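One structure below.
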Amino acid sequence: MSGGSFSCGGNFKLHKYPSNIGKIEQPKILTKEAVTILGEGISLVVSPWTALRTAIEFEWAGRDSRQKSDQLASDILSWFAQTKETHYIDDLENIIDECLILSFNTEIEDGNVEEIAEKLLIMHEDCLQGNFESIEKLRNSCPVIDENNDDSSDEED
């Protein structure tokens, strides 16, 4: 069985090809650094989302609305970091929709779920390549939101 071919016991032979020919490329896996940065990016995309901020402000998920919002970001990161199969936008949209329905008792049908999912999927692809530029831009463009200061709405009363 030398010379680059293998006999399979029949009247044919399997020829050995270079390892990259005919091989299905396995999806890339995020590095630890990329997971950390992607987590930040997910929060930077999800936290200023008007629909989610409204759900938190009016406690559509109860008193722990902020925690449920954080859980959504965490679930999205876990999906990206732990799923080794190809990531499809429809699956991500379903994760976001399901969270909004189950946790916040709301459905968003204005195209924002699709827009958020697309941004996150592109960000994930960038992170797989070690490109964190889009997250850096978000860091520099997003205002810092003090999530611990819940007294802001009381000042107006």
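Taking UniProt numbering, the leading residue of the sequence shown gets 1, the next gets one more, and so forth. C-beta atoms are modelled at their ideal positions from N, C-alpha and C, and glycine is treated no differently. It should be emphasised that the depicted structure is a prediction, and the values quoted were computed from it without experimental measurement.
| Asked | Found |
| --- | --- |
| Using the Cα positions of Ala-51 and Glu-114, report the straight-line distance between them to the nearest angstrom. | 13 Å |
| Within the continuous alpha helix (DSSP H) that includes Phe-104, where are the two ends? | 89–104 |
| Between Lys-119 and the rest of its own chain, which residues show a CB-CB distance below 7 Å, the 5 nearest in sequence each way excluded? | Val-45 |
| Tell me which same chain residues have a C-beta within less than 6 Å of the C-beta of Val-35, skipping the five on either side of it? | Ala-81 |
| Which residues in the same chain have their Cβ closer than 7 Å to the Cβ of Ile-56, if we skip the five residues on either side of it in sequence? | Ser-65, Arg-66 and Ser-69 |
| Let me check understanding here. Comparing Cα to Cα, which of Leu-138, Glu-40 and Leu-72 lies closest to Glu-98? | Leu-72 |
| Smallest Cα separation from Ala-117: which of Lys-137, Ile-29 and Gly-41? | Gly-41 |
| Quick check on DSSP: helix, strand or coil for Gly-130? | coil |
| Please determine, among Lys-137, Gly-39 and Gln-129, the residue with the shortest C-alpha to C-alpha distance to Ile-29. | Gln-129 |
| Cα separation between Met-123 and Glu-109? | 23 Å |
| Can you grab the Cα-Cα spacing for the pair Asn-131 / Glu-125, in whole Å? | 9 Å |
| So, helix, strand or coil for Gln-82, using DSSP? | helix |
| Does Gln-26 come out as helix, strand or coil in the three-state DSSP assignment? | Bear in mind that the predicted position of Gln-26 carries a pLDDT of just 47, short of 50, making it too unreliable to give a figure here. |
| Got a sec? Which residues, its chain only, sit under 7 Å from Ser-43 by beta carbon, not counting five neighbours each side? | Ala-73 |
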